[in-house]
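Just below is one structure, and these are the notes that go with it.
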Amino acid sequence: TPFVNALRRIMLTEVPTMAIDEIVILENSSILHDEILAHRMGLIPLKTDLDSYSLPEDCKCESEFGCNICRSNLTLEAEAEDKTMTVYSGDMKPENPDIAPVSDKIPIAKLAPDQRIKLEAYARLGKGKKHAKWQPVSMCTYMYLPEIKVDSKLCDACGKCVKVCPEECLIDTDEGIKTQKEIECTLCMDCTDACPQDPPAVEISWDNKAFIVKIESTGALPVERIVFEAIKIFDKKVKDFSDQLKKGK
798 TPFVNALRRI MLTEVPTMAI DEIVILENSS ILHDEILAHR MGLIPLKTDL
848 DSYSLPEDCK CESEFGCNIC RSNLTLEAEA EDKTMTVYSG DMKPENPDIA
898 PVSDKIPIAK LAPDQRIKLE AYARLGKGKK HAKWQPVSMC TYMYLPEIKV
948 DSKLCDACGK CVKVCPEECL IDTDEGIKTQ KEIECTLCMD CTDACPQDPP
998 AVEISWDNKA FIVKIESTGA LPVERIVFEA IKIFDKKVKD FSDQLKKGK
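Be aware that the sequence shown starts at 798, since it is given in my numbering, and climbs by one per residue.
Structure follows, in structure tokens:
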């Protein structure tokens, strides 16, 4: 469990991704304040190229403004003419096509006729422990692998457990109550509570040596790359810890 949880925490806080970190607003006559507009832009997930960019603190340029190795520019210019229009993430023009919004359909602002937005945005690599906009995952959870057992000697096939199971992990067959889709079980124990037998004919347990890990990427990086980077970071942490222990002897 500690190993799996360590990987989960690293995926949330240590795997770097690109996000807009600074904005220069040249013109904004929309109803949105500059601060709100900047906040919305920062939360737009960007495709990330970890092989071509470095973290600002690791970049050789050592510049406050950054360079083409630690910073990528995007511009946005939109104007509503005769009718109200919605400005979307797809209206942003990236300097590098590899560092672009993961979706073109993310709304940024609405413009009334004659309103205009013009800005420059600067994206940098960062980590989720500094701000959630740099988290590569929108979901990262784990649970033990469920195990469902039905005691055919105790079960009278009343079907009450089948009706209450929210994930339909139990099914009523001609041969009695059987299990299915055990991996979908949420360990809610509703089936054991519904069973009229004492002790219940349905037993819910879990394998504490096997885990179901659910990871959902924001789109900045493929899930496989997120896991790979998390393992690399974890391995480095273990080696650094080992080196510190050796130095302390």
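Positions of the beta carbon are idealized from the N, C-alpha and C atoms, including for glycine.
Predicted model only: the values in this text are computed from it and were never measured.
Please report how far the alpha carbon of residue i lies from the alpha carbon of residue j, in whole angstroms.
i	j	result
T883	L908	6 Å
I820	S826	16 Å
A803	F1031	8 Å
I866	A877	35 Å
E977	V947	For the record, residue 977 in the displayed sequence is Gln; it is not Glu. Approximately 12 Å between the Cα atoms of the pair.
E892	T872	8 Å
L847	D895	11 Å
Y939	E979	15 Å
D831	K926	25 Å
D1040	P993	58 Å
L823	K924	28 Å
D901	T1015	14 Å
T970	E944	19 Å
L922	I817	9 Å
Y941	W1003	6 Å
L801	L809	Looking at the sequence itself, residue 801 is Val, so the reference to Leu does not match. Those two C-alpha atoms are separated by around 13 Å.
L1042	C856	29 Å
L829	N870	22 Å
L834	C937	28 Å
A1007	R806	18 Å
L984	E964	10 Å
K890	R913	16 Å
P904	P853	29 Å
I1001	T798	20 Å
L916	D888	12 Å
Assuming residue i contacts residue j under a Cβ cut-off of 8 Å, what Cβ separation, rounded to an integer in Å, is found between them?
i	j	result
P842	P898	7 Å
A1017	T814	4 Å
K930	G863	Not really, about 17 Å apart at Cβ, beyond 8 Å.
I1023	I1012	7 Å
D961	C982	Reading the sequence as shown, one finds Val at residue 961 and not Asp. Not confirmed; about 13 Å, so no contact.
A998	L951	4 Å
A991	C958	5 Å
By the three-class DSSP mapping on this structure, what secondary structure does residue i have?
i	result
D818	strand
K960	helix
F800	helix
L852	coil
A877	coil
S949	coil
I1028	helix
I841	coil
D1037	helix
G1045	helix
E1000	strand
M808	helix
D989	The sequence shown places Thr at residue 989, not Asp. It is helical.
**Q.** Secondary structure, beta strand (DSSP E): runs of 3+ residues fully inside the region 886-941
**A.** DSSP runs (the beta strand (DSSP E)) wholly in the region 886-941: 889-891, 904-908, 913-923.
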